[in-house]
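*Asks:* This structure is in structure tokens; I'll ask about it shortly.
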Amino acid sequence: MSTLHVLSHSPFSDSRLDSCLRLCGAQDAILLCGDATYALQAGSAPFKALEVSAVVIFVLAEDAQARGLSLPEWAKSVDYPGFVQLSIDHDKVNSWL
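Using this note's numbering, the final residue of the sequence shown is 125, and nothing's skipped along the way.
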């Protein structure tokens, strides 16, 4: 059973990203949106944690663009219809509020 984990809070303000990565299974995926996209700041601890994780990482394109962030090759960009499709493709959606 796969889960799409949706993160929207900055990884620099709390430990949600770290907790999420510990709980993710092999079939799970993470979608970064809102301030969670700041995890893509190259060289940061959150960036390094995502880079070495075995989880597929998706990023809401509009949010990364609004923050002037470049996507690394291991992150996949999605738009809002893509977000909906990810929600359909996974058995569960867990929003880390």
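Using N, Cα and C, we set each Cβ at its ideal position, and we do this for glycine too.
Short of 6 Å in beta carbon distance, which residues of its chain neighbour residue 95, apart from the five on each side in sequence? Order them along the chain.
*Replies:* Hits under 6 Å: 65.
*Asks:* Locate the alpha helix (DSSP H) running through residue 47, then write down its first and last residues.
*Replies:* Note, residue 47: alpha helix (DSSP H), 44-51.
*Asks:* Report, in whole angstroms, the separation of the C-beta atoms of residue 35 and residue 60, which I expect to be a contact under 8 Å.
*Replies:* Right, the Cβ-Cβ distance comes to about 6 Å (below 8 Å), so this counts as a contact.
*Asks:* Please classify residue 103 as buried or exposed, where buried requires at least 16 other C-beta atoms within 10 Å of its C-beta.
*Replies:* Per the 10 Å Cβ criterion, buried.
*Asks:* In the DSSP assignment, find the beta strand (DSSP E) that holds residue 41 and state where it starts and stops.
*Replies:* From DSSP, residue 41 is part of no beta strand (DSSP E); its letter is neither H nor E.
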